[in-house]
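The next block holds one structure in the form of structure tokens; read it before the comments.
In my numbering, the protein residues as written are 708 to 1102.
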């Protein structure tokens, strides 16, 4: 719903800039010698000021640990024995959690293909590491199975949240459509769910099915069968009103309602806990809301909606029938006005879907959703050490 400003991306005049952060030196500090003209001219005196600048670089180091175990033979029993190898050292060549985590995050979090992920690692190591596609494709299943307890715990915690966002988007499996649902709470927890169908079959098994709080969602009637109360996403409503303004320029109700919704959202964003919105101001908003709906009724009675565009009329009927669910955010300070949180989380899946185009199996989407859920939960706990934690999980 944001209008283009025409400004270039990056720093803006009048705003404080974000400078590059200095890093802790990893090597001894290099003191640059003074210029020759300074040494030769005794008029120059050393001051208390020192100019400090850094050059930051990274490098990939291939770390290989090779274990040798001498084999001993018992001449009496014919038994052969050798020292036990450390945990994880099973095959002739083994890859530890650091390599698995690198490929896993590159493929899932950065949304690169399996081929590009393995090629990038090969390039970084000078062609020494050429990981098989089969190993990379199995990482999602391994990670999902190892992190199931954490996701179960998050599921239980989300049921206790007073407010929860939910939404779904289309997915592709071998050219067929399926669905990806997301459930998210205001404290940052989120879980993704892969489902073969939409509607009640899709909701089954998600947090939404057992949830008893306030649900924030778009106008999907299915969600009205769950939760104790509902808030419709006003970002969607603003888009629909804008479409009505473009397709029905002669009507006034859509312009008035668009301005009112923006005003209400702006007012609500200015309210801070624990003090909720002023009841008198809220009553004023509700009165104006009803007046605009009455204007819409008269306009559509005078000039009915044409057969080519009925979305504006349908929006009016919906905003009238579900008035409580459009204005709940004004009465409860805990309830957000939009479902942007769920929309933002689903964009993570959409980026991966755009890269993959279609998945070969439904299980691939299911494991991906479980992995994406865990990455959201991990970033919530410790956003600075995702790679290290994923490495430890892979072992």
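The C-beta atom is built at its ideal place from N, Cα and C for all residues, glycine as well.
Counting only runs that start and end inside the region 1006 to 1041, the alpha helix (DSSP H) elements of at least 4 residues fall at 1018 to 1028, 1030 to 1038.
With fewer than 16 other Cβ atoms from the protein chains shown falling within 10 Å of its own Cβ, residue 782 counts as exposed. As the crow flies, the alpha-carbon of residue 873 is around 23 angstroms from that of residue 883. Taking a C-beta distance under 8 angstroms as the contact criterion, residue 1038 and residue 989 qualify as a contact pair.
For residue 751, same chain residues with a beta-carbon under 6 angstroms away, outside a window of 5 residues either side, are 745 in chain order.
Shown here for residue 1078: same chain residues with a beta carbon closer than 7 angstroms to its own, the five before and five after excluded, namely 815, 847, 850, 851 in chain order.
Under DSSP, residue 880 forms a beta bridge with 883, 1066. Cβ atoms of residue 1032 and residue 938 come within 8 angstroms of each other, at about 6 angstroms.
Along the region 893 to 960, the alpha helix (DSSP H) occurs as fully enclosed runs of 4 or more residues at 907 to 910, 914 to 917, 941 to 954, listed in sequence order. For residue 1081, the three-state secondary structure derived from DSSP is helix. Per DSSP, the unbroken alpha helix (DSSP H) holding residue 744 starts and ends at 743 to 747. Collapsing the DSSP output to three states places residue 725 in coil. Minimum Cα-Cα distance from residue 925 among the listed residues 1072, 828, 1026, 878 corresponds to 1026.
Within the same chain, and ignoring the five residues on either side of residue 1100 in sequence, the residues whose Cβ sits closer than 6 angstroms to its Cβ are 853. For residue 734, the closest C-alpha among the options 764, 843, 715 is that of 764. Taking the Cα positions, residue 906 is about 21 angstroms away from residue 870. Of all alpha-carbon atoms in 778, 787, 811, 720, the one lying nearest the alpha-carbon of residue 1098 is that of 811. If you look at residue 842, you'll find it in the alpha helix (DSSP H) that goes 840 to 844. A Cβ-Cβ separation of about 12 angstroms leaves residue 886 out of contact with residue 911 under the 8 angstroms criterion. For the set 777, 1059, 1034, the Cα lying nearest the Cα of residue 790 is the one of 777. In the DSSP assignment, residue 831 falls within the unbroken alpha helix (DSSP H) covering 821 to 831. 878 is the residue among 712, 825, 878 whose C-alpha sits nearest the C-alpha of residue 1070. Here residue 1084 is buried, its C-beta having at least 16 other C-beta atoms within 10 Å. Take the alpha-carbon of residue 1073 and the one of residue 1019: they are about 38 angstroms apart. Contact annotation, residue 996 with residue 1034: C-beta distance approximately 7 angstroms; criterion of less than 8 angstroms satisfied. Apart from the 5 residues on each side of it in sequence, residue 804 sits with its Cβ closer than 8 angstroms to the Cβ of 1097, 1098, 1099, 1100, 1101, 1102 in its chain, given in chain order.
Annotated three-state conformation of residue 872 is strand, per DSSP. Between residue 771 and the set 801, 795, 730, 974, the nearest pair of CA atoms involves 801. Counting other Cβ atoms within 10 Å of its Cβ, residue 768 stays below 16 and is therefore classed as exposed. In chain order, 871, 915, 918, 919, 920, 921, 922 place their CB closer than 8 angstroms to the CB of residue 934, counting only its own chain and leaving out the 5 sequence neighbours on each side.
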